[in-house]
Amino acid sequence: MEDSDQSKPPDSAQLSRQPQIGCQSPIHATGKPGRLYLLQHGRSSRRGGWKRRRSLAAPGAYRSQPSPGSGDELSDFVAELDQVEREIRRLSESRIESTEGLEARQTKLARIKMVLDGVESRSDQAREIDRVRHNERARLREEMDYDYHRWGTLEQENA
């Protein structure tokens, strides 16, 4: 009886319990889905918590503001752009057979444009925030240098 058990292919329950190796694996040794898998399937596991990303089919497909605690906006951009690329590829490979199909494609393309506009505006906002932070750090560095030199001259005068 044991020989027949070994010759049968493993069922899905047995496969899910086995540790899977490589980037094809949706589950890591920790038992949690890997980041690449999550990004490919439209989900995120950032510090802000698990969130299901909206698909392009939903109105307002992109989030206008990043969630609190998300320090990984670049991966958000990459995930959204990958999703847009998949949708464009799917639309370009599909055939239009009626006016309804043409209208549906135009609607989807409008949503894609909306996502790209959102990514562009968030990228511009991130650049502006970086510029402001850079200027503030430079100002603080100058203040610290001034205070350091000022205290140094005061100590010399008092000595």
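Anchor point for the sequence shown: position 54 equals 54 in full-length UniProt numbering, and the numbering is continuous, going up by one each time. Backbone N, C-alpha and C fix where the C-beta goes; we use that ideal spot for every residue, glycine too. Just so you know, these numbers come straight off a predicted model, no measurement behind them.
Fill in: As assigned by DSSP and simplified to three states, the class of residue 148
helix
Practice prompt. Just tell me which of 91, 116 and 126 has its CA closest to the CA of residue 174.
Written response: The question about residue 174 has no answer here: the residues shown for the chain are numbered 1 through 159.
Item to complete: Compute the distance between the beta-carbons of residue 111 and residue 91, then report whether it is under 7 Å.
Response: no
Worksheet item: Thinking C-alpha only, which one of 100, 140 and 85 is nearest residue 93?
Response: Among 100, 140 and 85, the Cα nearest to that of residue 93 belongs to 85.
Worksheet item: In angstroms, rounded to a whole number, what distance separates the CA positions of residue 127 and residue 137?
Response: 15 Å
Practice prompt. Pull up the distance between the alpha-carbon of residue 25 and that of residue 99, whole angstroms please.
Written response: Only weak support exists for where residue 25 lies, its pLDDT of 46 falling under 50; the value from the coordinates is given anyway. Distance between the alpha carbons of residue 25 and residue 99: 41 Å.
Practice prompt. Would you please state the rounded distance, in angstroms, between the beta carbons of residue 77 and residue 123? I believe it to be under 8 Å.
Written response: 7 Å
Practice prompt. Tell me the start and end of each unbroken alpha helix (DSSP H) in the stretch 73-127 that is at least 4 residues and wholly inside, in chain order.
Written response: 73-93
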